[in-house]
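Q: Below you'll find the structure I mean.
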Amino acid sequence: MTDRNSILGMAMLATLAALPAWAQEAVAAPAVNTAFIFNTLLLLIGGFLVFWMAAGFAMLEAGLVRSKNVTMQLTKNIALFAIGSIMYWLVGYNLMYPGDTWAIAGLVGGFGPANIQGEIAPDAAYATGADFFFQLMFCATTASIVSGTLAERLKLWPFLIFTTLLTGLLYPIEASWQWGGGWLQVQGFNDFAGSTLVHAAGGAAALAGALILGPRLGKFGGDGRVHPMPGSNLALATLGTFVLWLGWFGFNGASQLALGTEADANAVAIIFANTNMAAAGGAIAAMVLTRALFGKVDLTMLLNGALAGLVAITAGPLDPPLFGALWIGAIGGMLAVVAVPLLDKARIDDVVGAIPVHLVAGFWGTMAVPFHSKGASFGMQALGFVAVAGFMFAAAGLVWSILKATTGLRPSQEDEILGLDKAELGLEAYPEFRA
Amino acid sequence: MTDRNSILGMAMLATLAALPAWAQEAVAAPAVNTAFIFNTLLLLIGGFLVFWMAAGFAMLEAGLVRSKNVTMQLTKNIALFAIGSIMYWLVGYNLMYPGDTWAIAGLVGGFGPANIQGEIAPDAAYATGADFFFQLMFCATTASIVSGTLAERLKLWPFLIFTTLLTGLLYPIEASWQWGGGWLQVQGFNDFAGSTLVHAAGGAAALAGALILGPRLGKFGGDGRVHPMPGSNLALATLGTFVLWLGWFGFNGASQLALGTEADANAVAIIFANTNMAAAGGAIAAMVLTRALFGKVDLTMLLNGALAGLVAITAGPLDPPLFGALWIGAIGGMLAVVAVPLLDKARIDDVVGAIPVHLVAGFWGTMAVPFHSKGASFGMQALGFVAVAGFMFAAAGLVWSILKATTGLRPSQEDEILGLDKAELGLEAYPEFRA
Amino acid sequence: MTDRNSILGMAMLATLAALPAWAQEAVAAPAVNTAFIFNTLLLLIGGFLVFWMAAGFAMLEAGLVRSKNVTMQLTKNIALFAIGSIMYWLVGYNLMYPGDTWAIAGLVGGFGPANIQGEIAPDAAYATGADFFFQLMFCATTASIVSGTLAERLKLWPFLIFTTLLTGLLYPIEASWQWGGGWLQVQGFNDFAGSTLVHAAGGAAALAGALILGPRLGKFGGDGRVHPMPGSNLALATLGTFVLWLGWFGFNGASQLALGTEADANAVAIIFANTNMAAAGGAIAAMVLTRALFGKVDLTMLLNGALAGLVAITAGPLDPPLFGALWIGAIGGMLAVVAVPLLDKARIDDVVGAIPVHLVAGFWGTMAVPFHSKGASFGMQALGFVAVAGFMFAAAGLVWSILKATTGLRPSQEDEILGLDKAELGLEAYPEFRA
């Protein structure tokens, strides 16, 4: 647009000499760069939709824990988002997008707080503030994934310390490898909106935590039995899923990062439609599979199936046709269902199913990219996944271990049985409703 | 815009000869078609707002059923949306917008899955993917309307089969009559965003179902008394109403289908303001009327009044002044209130009041169009309403009857008393809260 | 844009003579005014986000009252929004934006209903309908603030009468002083999106009401003790906070009122990022402070801290760097925490903490503007705050006093103990959940 308009200006120089002075000035003024505005608007809309996902995680998790731990889960979710916002400003943004200031080239970016004020660069594609706002939401999403898995038996402050490190250091570093122009991008890894960089990364951090933290008291019997601990409010959990589904249109759609041309607008539209289709495929596949396996439809599996479909399409939502999005989502939904008994067998206690949804379906979505996207290879996808998930698992594991040895991670057995709301916060979520 | 820019290009041919080769190429490149981008963006924003209405219906219905049926209602609402997404892709979209490929001219469109990838046509007003995404949401809305009326005594699978046919065939066929350029549009029917095509259609399908299914056990006493069965969570129901109100800005506003000119932007703005005003009118009218009739304000009537106001303005939200939107909405709200005892008298059990809100107010809204829109006639509006609602009532009635004779529709009396959550799904929504 | 394009047209006159007649006509057609479209779109997106805040207040308040008053609180919130919509059309909009038709110059605007239909003025920056829609939401927000403070002991109808006067007269008059071009704007007061004009105004009206209404029965013991009355549903309260946080992006961001240039898009982006940062700062500061003061983290304080941060940044969200937004928000959050025991000491019963959040943090945010915005002075900020809050306190106090003397404000003691839901509405919010 700018180019064309400046050319138009040049083309008119021949006739300009005949114009009055004020008209010559007006022509010399820069034309409105509508692409800058459209792109910025896309990031702002996408950003507020992904912000909304923080509420979705909060409702999903509050609905899936027992009522004695609801206040704690809500507290963690509000606090993690606030911490993520601050840490991403303080260090995360520049660490993730180092430009030419890598601390270790392609591996670790630069350190320093983000600055969104200042002159607009002449060739800027969008406002820096909009990019910061949008990218921050992805950082916070990664932290949201962790909180659900570890619910009901993790104290508040160690979780907040972990979140501080996750949002300030761990996520920005691994995300820089791809989105900051680091080594994974150079190698040709493909992850459009973060099946690996956000979802599997969060899932891997959650898995490390679950292994170190151990299961909730009474979850796994000595006899190998799994004791169900049903969520206290499935209406909230369903609301949370709808919120996440809605937010995902921004998550994937605005990851196109541009809306200033017809081709970009078309791409965003395709991404919206494919994202929805993958969620639908995941939901229906999970519903049918639970009916087939267990004889009954399980609402929580239906919800997780939809979310797994969304995670699965996230690595490549632009290239598949609608049918491609459907089957990629459907396989994601089925994997999330079958992963649950495997986790149980391994005695890994994942309260909300975040590991099946974000790590397992994230892996699947990453590996599915080459089916529809030219230039993507299964080997490179596997390498990228292993690098990111492995780094996050190791780094998060280290942090959890240090926290375990210092602050401690778990409340006392009495406190866990009483519930974290009364024990640690002194505030019940539903004080008038008796069990 | 495109035309003008291409003319500008032509006008410059005389001076172009003096430019270097690279500049000649740049001038030859097509200008950015901002109208395409604006229109696409409108459909995407409208689409995600109407998607959000699916969550609104889920919360409204989950709040208005008794707690023993909440999981089932949530399951139906997530599943119907997923099914609608798939069916609208598989057959609905092409059936509804056949272009030149009608199976029966003006009555039944063509069959085949939707394709949103491919070249952008030079004269395209918006991205096909955005149109698919937006229109799909209207199809799903129609199905959402049905689930509420039939709550608490309809088994899961027959509902899902009905939804499959509704979203794949019934809705696309009747909607094609108007929005696909079929016989109703040719005749001059007016239904801007679907008072008839979506809301009355859904309400008619719900009415057919309610008649065939019968009322909940104990709803109507042998003595002619109506036994109230209050909703279990009015906070959820209110949340759902707010969500629907919000989503309706997209429902009506984006039905302008264009944002690329000042006139279109102005039109969308008027629609937003009128839509809000109609909801306000419906809410206040219903509040005052329930106070006058029953001596007390009834929150559920207030909620349904707002929704009825929204349904009423949907057929013609652009042409009335704000005061017109107010009284159209207010009458819609009052009709929704007075329809409730009439349904009770007819022993039709509509759990959430969807028939008063969507069918009755949809009729009113359709008939109110000629008051403000030139070219609309009462006769044609009545004909359109009767055709669509009649078709939907008959077709849905046929499907419900076949399902009744084959799969059966109702759970056993024991299961209905126990609640569908425990009986059919084995999962309670609020397992820790005792009645 | 228009100017430049018309100049371009002029520049081409020399070559136009060689074009065919139809091409000459096309060139003569006006170019698309993309700024009008962008600006209108910003107001519509901002408007629906602020609409959503009405739902946020409803959920926040429904979650923070006891279950016996939930239906009443929901009823008030839906009804106040509907009343505000109607009153702002009937008189508020013209009263607030009198243009040249002030009844008393700079103090009281003109009377008459709003009209959003009609020709688009050639120099219009945005659609009138979009402006009406957006500004109406601010009016309704002011009313939402009042309902929470006075919950659990104020009858429905006096509240609705008060709301009618607040939204029709009181808010539009004081807001006209600044945003309508009245005396405060002339004097140089700065309040970008309404820390004073909306939040402190609502808080002052609530404070007047709380003083006249008195505390809930049993809130303050004869022995000087404060009896906690914990909210019935903290999941709802947290949801409401997330909704408000989300809506605030529209509240502050769209108050830029323009998106048609790169500079405006950049400004909106900065506002989004700063708004988020202030909320994060408020949340973390409140969390840490409650931990330090009371030994435990208090979720409700965390929620109110985030909201106080949002209120604080609202007066000047554009000029501070991210760190500025952080500390302004953080101080807002701390002030909200320390204000609570002060209110308790004064035996002022504010059920949801709206006075600390909206009045106290609104004062702070107004006074913080000169730290970052050139041209703002502490004296003028103080004057503006005192004028608006003082006017609102006095005017609202007068209305509350008249209502107390006529309709009465409080239910009987028996009714208050029974709960307003049963006593006044005959409808419980959670009829199946027993305390």
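Quick mapping for you: the protein sequence lines, in order, are chains A, B and C. Under the working numbering, the first residue of the first sequence carries the number 31, and numbering increases by one thereafter. Under the working numbering, the first residue of the second sequence carries the number 31, and numbering increases by one thereafter. Under the working numbering, the first residue of the third sequence carries the number 31, and numbering increases by one thereafter. The beta carbon of each residue, even a glycine, is placed where N, CA and C say it ideally should be.
1) Can you say whether Asp-253 (chain C) is buried or exposed, counting buried as having 16 or more other CB atoms within 10 angstroms of its CB?
2) Do Gly-129 (chain C) and Pro-202 (chain C) have their beta-carbon atoms positioned less than 8 Å apart in this structure?
3) Just to confirm, is the Cβ distance from Leu-276 (chain A) to Trp-119 (chain B) under 8 Å?
4) Taking C-beta to C-beta, are Ala-315 (chain C) and Ala-360 (chain C) nearer than 8 Å?
5) Report the residue from A:Gly-392, A:Phe-141, A:Val-429, A:Gly-438 whose alpha carbon sits nearest the alpha carbon of Asp-221 (chain A).
6) Among residues of its own chain, excluding the 5 on either side of Leu-266 (chain B), which ones have a beta-carbon nearer than 8 Å to its beta-carbon?
7) Name, please, each residue of chain B whose Cβ falls closer than 7 Å to the Cβ of Ser-97 (chain A).
8) Using a Cβ-Cβ cut-off of less than 8 Å, give me the residues of the region 328 to 341 of chain C that come near chain A, in sequence order.
9) Taking 8 Å as the CB-CB cut-off, is Gly-290 (chain B) touching chain C?
10) What does Leu-110 (chain B) touch in chain A if you count any residue whose Cβ is under 9 Å from its own?
11) With 16 as the cutoff for other CB atoms within 10 Å, does Ala-236 (chain B) come out buried or exposed?
12) Give every residue of the same chain whose Cβ lies closer than 7 Å to the Cβ of Met-422 (chain C), excluding the five residues on either side of it in the sequence, and list them in chain order.
13) For Val-390 (chain A), which of helix, strand or coil comes out of DSSP?
14) Does the region 399 to 406 of chain B come close enough to the region 210 to 226 of chain B that 3 or more CB-CB pairs lie under 8 Å?
15) Give me whichever residues DSSP pairs with Val-368 (chain A) in a beta bridge.
16) So with Cβ pairs under 8 Å, would you call Leu-269 (chain A) a contact of chain B?
17) Going straight from the alpha carbon of Asp-294 (chain B) to that of Gly-456 (chain C), what length do you get?
18) With a cut-off of 8 Å, do at least 3 Cβ pairs link the region 168 to 175 of chain B to the region 238 to 250 of chain B?
19) So, with DSSP's three-state summary, where would you put Ile-150 (chain B)?
20) Quick one, which of A:Leu-329, A:Thr-197, A:Ala-366 has its alpha-carbon nearest Ala-109 (chain A)'s?
21) Is Ser-1 (chain C) close to chain B, meaning its C-beta is less than 8 Å from at least one C-beta of that chain?
22) If you draw a straight line from the alpha carbon of Ala-58 (chain B) to that of Ala-160 (chain A), how long is it in whole angstroms?
23) Excluding the 5 residues flanking Asp-451 (chain A) on each side, which residues of the same chain have their C-beta closer than 7 Å to its C-beta?
24) Measure the beta-carbon distance from Arg-183 (chain A) to Glu-446 (chain A) and round it to whole angstroms, keeping in mind my assumption that it falls under 8 Å.
25) Give a yes or no on whether 8 Å exceeds the smallest Cβ distance from Gly-77 (chain A) to chain C.
26) Any residues in the region 125 to 150 of chain B with a beta carbon nearer than 9 Å to a beta carbon of chain A? Which ones, in chain order?
27) In chain order, which continuous runs of the beta strand (DSSP E) of length 3 or greater are located wholly inside the region 237 to 269 of chain B?
28) Determine, for Thr-70 (chain A), whether the minimum Cβ-Cβ distance to residues of chain B falls below 8 Å.
29) For chain B, check one thing: does any of its Cβ atoms lie closer than 8 Å to the Cβ of Ser-262 (chain A)?
30) Please name the residues in the region 249 to 260 of chain B whose beta-carbon is closer than 9 Å to at least one beta-carbon of chain A, in chain order.
31) Which of helix, strand or coil does DSSP assign to Val-14 (chain B)?
32) What did DSSP end up calling Val-138 (chain A) once you bin it into helix, strand or coil?
33) Whole angstroms is fine: what's the gap from Arg-464 (chain C)'s alpha carbon to Thr-105 (chain C)'s?
34) If distances are taken between C-alpha atoms only, which option among A:Leu-340, A:Glu-149, A:Met-126, A:Trp-278 comes closest to Pro-143 (chain A)?
35) Could you pull out every residue in the same chain whose Cβ sits closer than 6 Å to the Cβ of His-229 (chain C), ignoring the five residues on either side in sequence?
36) Expressed to the nearest angstrom, what Euclidean distance is found between the alpha-carbon atoms of Asn-124 (chain C) and Leu-166 (chain C)?
A: Here's the rundown:
1) exposed
2) no
3) no
4) yes
5) A:Gly-392
6) Met-89, Leu-90, Ala-92, Gly-93
7) Glu-462
8) Asp-328, Leu-329, Thr-330, Leu-332, Leu-333, Ala-336
9) yes
10) In chain order: nothing, as chain A lies at least about 10 Å away.
11) buried
12) Leu-200, Glu-204, Ala-231, Ala-234, Ala-235
13) helix
14) yes
15) None, per the DSSP bridge assignment.
16) yes
17) 46 Å
18) no
19) coil
20) A:Thr-197
21) Shown here, chain C extends from 31 to 465; a query on residue 1 (chain C) therefore has no answer.
22) Low confidence applies to Ala-58 (chain B): its pLDDT is 43, below 50, so where it sits in the model is not reliable enough to give any reading.
23) Lys-98, Asn-99, Val-100, Thr-101, Met-102, Leu-457, Glu-458, Ala-459
24) 5 Å
25) yes
26) Pro-143, Ala-144, Asn-145, Ile-146, Gln-147, Ile-150
27) none
28) no
29) yes
30) none
31) The question about residue 14 (chain B) has no answer, for chain B in this structure spans 31 to 465.
32) strand
33) 22 Å
34) A:Met-126
35) Val-341, His-388, Gly-392
36) 11 Å
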